[in-house]
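Here is the structure we will look at, set down as structure tokens.
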Amino acid sequence: MRKLDDWLGSEETGEPFTHCICCRLPLVEIAEPWLVNKEFQRGECVLEYAICQPCRDAITDQICEPSKLAVRGFLEREIDWEARIHEFMQSHDLTDRFVNCIACRQAAHEAVGYGISALYDSGGSLVAGPLPLLICQPCITRMTAGLSTESRAVWSRFLEIHFPGPAGEGGFPGFL
Ligand SMILES: [Zn+2]
Ligand SMILES: [Zn+2]
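The numbering used here applies: residue 12 is where the sequence shown begins, and numbers increase by one.
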């Protein structure tokens, strides 16, 4: 069983994330919350990063309003937050959040791919709210279906800048 630290740490270093992927500042030194996002394909982590709130906001500011509405619409329509939060409260093990998809309930180990997101507060404590969560690849596809071409380009640019190389097909814009 993967432990919480394994889920939320860097697969590359085996340690917790230490720096924001955009501004490169040490996460513990900036008085801001941050997100950890990872994407898995066939059980392998294909994309991982931590991003601080100001950098995240700077990117989401470039996403057009209709695209944001489309994503928000999916999150409100397709996720039974009341039921999910209730389930989360029953469990004291945050790794339970990574057992199945927040939206369709597909088991993560049966999914071709999925993304996970977690939020840390400015003091570096994991926040247990709507996040952490896991969302499967088909639901990510449906969540991002309403993104405009321009908004998709914002995400591709983020990948190009921070993950140079041939990969570049990450599908989980976890900071949207
Ligand atoms: Zn940053
Ligand atoms: Zn799903």
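Built from N, CA and C at the ideal position, the CB exists for glycine as well. Quick caveat, the model's predicted, so the values are computed rather than measured.
Going by beta carbons, Trp45 and Tyr131 fall inside the 9 Å limit. By the Cβ criterion, the region 25–45 is not in contact with the region 95–114, since fewer than three pairs of Cβ atoms, one from each stretch, lie closer than 8 Å. Per the DSSP secondary-structure output, Ser128 pairs in a beta bridge with Asn48 and Leu144. CA-CA distance, His173 to Cys33, rounds to 7 Å. Distances between the C-beta of Ile127 and the heavy atoms of ligand 2 are all 8 Å or more.
Looking only at Val165, Gln148, Phe169 and Thr155, the smallest Cα-Cα distance to Gly54 is reached by Gln148.
By the criterion of at least three beta-carbon pairs nearer than 8 Å, the region 68–87 is not in contact with the region 95–110. Inclusion of Glu50 and Gly185 in the CB contact set at 9 Å is warranted, their separation being smaller than that value. In chain order, the residues positioned with their C-beta nearer than 5 Å to some heavy atom of ligand 1 are Cys31, Cys33, Cys34, Cys63 and Cys66.
Shown here, Ile70 sits in a helix according to DSSP, grouped into three states.
Using a cutoff of 8 Å, the CB of Pro141 does not count as near ligand 2, since none of the ligand's heavy atoms is closer than that. The continuous stretches of alpha helix (DSSP H) do not include Ile62, which lies in the beta strand (DSSP E) extending over residues Glu55 to Cys63. For Ala94, the Cβ stays outside the 8 Å cut-off from all heavy atoms of ligand 2. DSSP, read as helix, strand or coil, puts His120 in helix.
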